[in-house]
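With the sequence shown counted from 1, adding 3 to any position gets you our numbering.
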Amino acid sequence: METTLKDTALRQALAPKEPLKLPSNFAHLTLCRIKRERKAHERREHIFAFATVAACLLLGCAVIGYFYGASLLAALQVMARQSESYSLVPGIAFCCIFFALLNYYLRRKYA
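In structure tokens, the structure reads:
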């Protein structure tokens with residue numbers, strides 16, 4: 004059987020010239036790359052979730068405004084004319100601030 008020049012060239016091209024060597028920190032580099040990819044994937048998921056929630060919120064507000072806009076506006080005008088409803092504002096504001104701070108503290112401590 005004759006070996007042609009083409010066969011010899013193919014064998015030389017396919018034969019490894021020297022064994023492949025991995026860097027000494029190959030495992031560390033691989034783990035770092037996996038962590039970066041995982042963080043990027045989580046970030047994309049968070050962005051998608053935020054965009055979905057924002058779209059649903061805007062759509063819900065638009066639907067409520069479309070169907071109940073006139074009655075809500077009339078109720079707000081009646082509430083603005085009554086001075087006794089303003090006495091609730093400081094208490095509600097204090098409760099909102101308190102619960103926001105409590106939420107922040109608990110998330111920092113236990114999350």
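Glycine residues also receive a C-beta, built at the ideal position from the N, C-alpha and C atoms.
Between residue i and residue j, which are expected to be in contact by the criterion C-beta below 8 Å, what is the C-beta distance as a whole number of angstroms?
| i | j | result |
| --- | --- | --- |
| Leu32 | Pro26 | 7 Å |
For the alpha helix (DSSP H) that residue i lies in, which residues bound it at each end?
| i | result |
| --- | --- |
| Gln85 | Neither: Gln85 is in no alpha helix (DSSP H) and is coded neither H nor E. |
| Ala103 | Val92 to Tyr113 |
| Lys9 | Leu8 to Leu17 |
Do residue j and residue i count as a contact pair if the criterion is CB distance below 9 Å?
| i | j | result |
| --- | --- | --- |
| Ile67 | Leu75 | yes |
I'd like the list of long-range same chain contacts for residue i, defined as Cβ closer than 6 Å, with 5 residues on each side in sequence excluded.
| i | result |
| --- | --- |
| Leu23 | none |
Closer than 7 Å by C-beta to residue i: which residues in its own chain qualify, once you throw out the five before and the five after it? Chain order, please.
| i | result |
| --- | --- |
| Leu17 | none |
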